[in-house]
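Take a look at the structure set out below.
Protein chains in written order, with this note's numbering: chain A, 46 to 229; chain B, 65 to 398.
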């Protein structure tokens, strides 16, 4: 029941009308710049809407309880756990998943850094790690803190059972240092 | 997850009316507790009222000092707000020590106040639990109770309040603003949460239909001189085994005013007034800090697996006092 309409102008933006009182709902939001209209059971999480209804399976389901971070996406640019949010709460919002990061064949700097530092083994946590790092780079940072400590603390919501942490740290550090110029 | 009706409301009045309309309804804010517990069937509301559109997310200085934090302000927004970072560091530190960045971006102040316990038996519906099913029993009493409370317990419940934010707000003499059937009222933070006693299912003073709208932190001479110390099993992203919120005002080399509250060790955010009394009027010293630590654990009732918290809390109290002193916030830098 999905249809794709590129969102290009203010006029085409999805309205933020209040939801109808029901256990089944009509929901519209933009995913990676494309308008999506869905008819969903109210129980459907943002994660399940992305994976099962929109077939964007880059976003992973790990614990499904907000403990592992594999489901991390950006909502209006802010990183969140999509498993602990109902799709219905995101009427009119801009959702960015790992499928929406690259610019055509050109990888996002965080994706490129993960490749260059071999920052994964099995890859299951990787989309969540990359989305979390991308969200982190747009947040205000405490410049008094040691950068590696800062990254470890700010990436603590993303678990990696393969233990690729040293390489993830190196990748995020590279992305952070590359983004410093843009911050100033 | 059980089926429910999803309602979204845009004004406090409409939201409270919707909550009042059915016996088994719940407000939905950040969702980080409610949706988690709905997946576990611990929470089974028939009506979920999404209050995120309500205009309650502002953080603003109060005339005459102090700050008002809207109930829908996100934990991350509060922690990075200039006024909170500079004037209420204990609150910023407590918030940043809780959960993960993603969860802090979602979780609200009102939801954090209402956060449910992490007791394993409460979260698993295959066990009895006096909070979930009053009178069914408490498997934690003689079960695995390493994370459980040593203060404020009863023979019906020993579950801790898991919030870090609540501990800081208790120490800061905060007031919770509530809208209800009979208009607006304010409740001192320290009184808001209830010890389990005979009715562990009743966790706060809220009545049916009530909506938390904001938290007020009054102006004080001690809030800027404050810190939050959290001890846990991991360096990050873990609940407290013991935590200390501390605020101190100095005068002529003596502690003129002290505030202390504990997390991770009690069934509600635990204001340590007896420790405050030990500290008040005295010159900071290692001896004083040790006496404060001993006072901190007066009346502690440990169980089989959490007896270590009695020692851990004393060390946390001493460390919190030392850190504040070494930061030069007790007069001369030690």
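Every residue, glycine too, gets a C-beta built ideally from N, C-alpha and C.
Remember, it's a predicted structure, so these values are computed and weren't measured experimentally.
With fewer than 16 other Cβ atoms inside 10 Å of its own Cβ, residue 185 of chain A counts as exposed. Taking a Cβ-Cβ cut-off of 9 Å, residue 163 of chain A has no neighbours in chain B, whose nearest Cβ is about 24 Å from it. Just so you know, the alpha carbons of residue 108 of chain A and residue 126 of chain A end up roughly 11 Å apart.
Taking a C-beta cut-off of 9 Å against chain A, the contacting residues of the stretch 102 to 135 of chain B are 102, 103, 104, 111, 112, 114, 116 and 117, listed in chain order. The C-beta of residue 177 of chain A comes closer than 8 Å to at least one C-beta of chain B. The way I'd put it, the stretch 215 to 225 of chain A does touch the stretch 154 to 161 of chain A; three or more beta-carbon pairs between them come closer than 8 Å. For residue 114 of chain B, the enclosing beta strand (DSSP E) has its first and last residue at 111 to 114.
Apart from the 5 residues on each side of it in sequence, residue 230 of chain B sits with its Cβ closer than 6 Å to the Cβ of 333 in its chain, given in chain order. Here residue 132 of chain A has 72, 85, 89, 91 and 94 as same chain residues with Cβ atoms under 6 Å from its own Cβ, once five neighbours each way along the sequence are excluded. The stretch 367 to 386 of chain B makes contact with the stretch 205 to 225 of chain B, as at least three CB pairs between them are under 8 Å. In the structure shown, residue 353 of chain B adopts helical secondary structure according to DSSP, grouped into three states.
When DSSP assignments are scanned along the stretch 181 to 269 of chain B, the uninterrupted stretches of alpha helix (DSSP H) that are 4 or more residues long and fall wholly within it turn out to be 184 to 187, 229 to 235 and 253 to 256. With a threshold of 8 Å between beta carbons, residue 144 of chain B makes contact with chain A. In this structure, residue 236 of chain B keeps its C-beta atom at 8 Å or more from the C-beta atom of residue 255 of chain B. For residue 324 of chain B, the pairing in a beta bridge is given by DSSP as B:310. Contact between the stretch 241 to 255 of chain B and the stretch 272 to 285 of chain B is present: three or more C-beta pairs spanning the two stretches fall below 8 Å. Relative to the Cα of residue 78 of chain A, the nearest Cα in the group A:143, A:202, A:116 and A:154 belongs to A:143. Around the Cβ of residue 338 of chain B, a 10 Å sphere holds fewer than 16 other Cβ atoms; the residue is exposed.
Beta-bridge partners assigned by DSSP to residue 280 of chain B: B:132 and B:239.
Remark: three or more beta-carbon pairs, one from each stretch, lie closer than 8 Å, so the stretch 175 to 184 of chain A and the stretch 159 to 169 of chain B are flagged as touching. Taking the CA atoms as reference points, residue 220 of chain A sits about 37 Å from residue 393 of chain B. Under the 8 Å criterion on CB atoms, residue 70 of chain A is classed as interfacial with respect to chain B. By the Cβ-count criterion, residue 313 of chain B is buried, with 16 or more other Cβ atoms from all chains shown falling within 10 Å of its own Cβ. Ranked by Cα distance from residue 285 of chain B, the first of B:315, B:263 and B:188 is B:315. Sequence-distant partners of residue 377 of chain B (beyond 5 residues in either direction) whose C-beta falls short of 7 Å from its own C-beta, in its chain, are 306, 326, 329, 360 and 361. The beta carbons of residue 134 of chain B and residue 149 of chain B sit about 17 Å from each other, so the pair does not count as a contact at 8 Å. In the displayed model, residue 286 of chain B falls within coil according to three-state DSSP, outside both helix and strand. If you draw a straight line from the Cα of residue 297 of chain B to the Cα of residue 82 of chain A, it is about 44 Å long. Residue 124 of chain B: member of the beta strand (DSSP E) spanning 123 to 125, first to last residue.
Neighbourhood of residue 141 of chain A in chain B, by CB distance below 7 Å: empty, with the nearest CB roughly 14 Å away. Neighbours of residue 97 of chain A across chain B, judged by C-beta separation under 9 Å, do not exist; the nearest C-beta is about 14 Å away.
Not a single C-beta of chain A is nearer than 8 Å to the C-beta of residue 153 of chain B.
Contact between the stretch 77 to 86 of chain B and the stretch 153 to 165 of chain B is absent, with fewer than three C-beta pairs closer than 8 Å. Close CB contacts of residue 302 of chain B within its chain, under the 7 Å cut and outside five residues either way in sequence, are with 296 (chain order). Between residue 96 of chain B and chain A, the shortest Cβ-Cβ separation is below 8 Å.
Nearest C-alpha to residue 209 of chain A among A:98, A:135 and A:166: A:166.
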